[in-house]
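In my numbering, the protein residues as written are 132 to 366. Quick reminder that beta carbons are idealized off the backbone N, C-alpha and C, glycines included. Only a predicted model underlies this, so the values are computations on that prediction, with no experimental measurement involved.
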């Protein structure tokens with residue numbers, strides 16, 4: 132059983148103070164709904180948390196509270212797996228292992244994060260910035276150097292031109308879908324043991340989650356494309 136005091140304490144730590152803790156879910160903003168979800172995770176015992184871009188839509192104070200809580204949780208309690216582009220958030224948690232994905236392969240290392248984890252400008256096969264040239268470097272640099280605008284395929288050039296607008300649209304669509312998912316989660320908690328309603332809600336939620344996954348995949352592809360061709364695109 133979770134007492135009102137425990138619930139209010141957790142919600143207060145996530146910025147849901149005063150009348151916000153008494154509002155209905157539908158009256159909350161997207162960021163506030165995300166905090167409610169985090170409060171539920173904190174109050175519900177679990178030995179494994181999978182957090183995907185969990186710091187999105189949270190203010191600085193809320194992110195700090197969350198990172199403090201996660202940094203104190205682990206070992207005998209269980210494990211937490213975090214997918215995030217938020218460098219500050221990840222550094223505050225303090226990880227024991229870091230997994231990176233490159234060229235379609237995942238590499239797991241037993242260590243904390245370091246500055247190199249956030250440098251997407253160079254792959255492991257490229258020479259380090261400022262390194263002294265060695266025999267064969269000229270040929271290698273010609274291969275790894277970003278192409279000029281004229282060298283880029285017209286289709287890719289069009290993608291690069293439209294990418295920022297498309298990325299912004301995708302982010303809005305994902306936020307809208309996530310709000311709908313949160314609303315379905317709340318509705319699921321109110322239907323009790325009505326199997327028919329639960330099945331219907333679950334089906335709608337799975338469809339939305341599939342759409343979010345597809346949009347996230349497109350978002351990542353566009354971000355990768357921009358990073359790869361950014362110098363040429365700017366030129």
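With DSSP as the reference, identify every bridge partner of residue i, one or two as the case may be.
| i | result |
| --- | --- |
| residue 240 | 229 |
| residue 183 | 214 |
Hey, could you find the ends of the alpha helix (DSSP H) residue i is sitting in?
| i | result |
| --- | --- |
| residue 137 | 135 to 144 |
| residue 313 | 285 to 319 |
Could you spell out the range, first to last residue, of the beta strand (DSSP E) harbouring residue i?
| i | result |
| --- | --- |
| residue 214 | 210 to 214 |
Taking C-alpha atoms, which residue in the options lies nearest to residue i?
| i | options | result |
| --- | --- | --- |
| residue 302 | 316, 344, 338, 319 | 344 |
| residue 354 | 306, 290, 184 | 290 |
| residue 359 | 334, 325, 319, 287 | 287 |
| residue 193 | 209, 147, 232 | 147 |
| residue 225 | 309, 235, 211, 144 | 211 |
| residue 241 | 230, 247, 234 | 230 |
| residue 310 | 201, 237, 236, 163 | 163 |
| residue 305 | 319, 237, 187 | 187 |
Can you list, in chain order, the residues of its chain with a C-beta nearer than 8 Å to that of residue i? Leave out the 5 residues immediately preceding and following it.
| i | result |
| --- | --- |
| residue 222 | 244 |
| residue 316 | 168, 336 |
| residue 312 | 336, 339, 340, 343 |
| residue 322 | 328, 329, 332 |
Excluding the 5 residues preceding and the 5 following residue i in the sequence, name in chain order all residues of the same chain whose CB lies nearer than 6 Å to its CB.
| i | result |
| --- | --- |
| residue 136 | none |
Within a Cβ cutoff of 7 Å, which residues of the same chain sit near residue i, ignoring the five residues on either side of it in sequence?
| i | result |
| --- | --- |
| residue 249 | 218 |
| residue 308 | 339, 342, 343 |
**Prompt:** Quick check: the segment 289 to 299 against the segment 337 to 356, are there 3 or more CB pairs under 8 Å?
**Reply:** yes
**Message:** Counting beta carbon pairs with one atom in the segment 329 to 340 and one in the segment 165 to 178, are three or more of them shorter than 8 Å?
**Reply:** no
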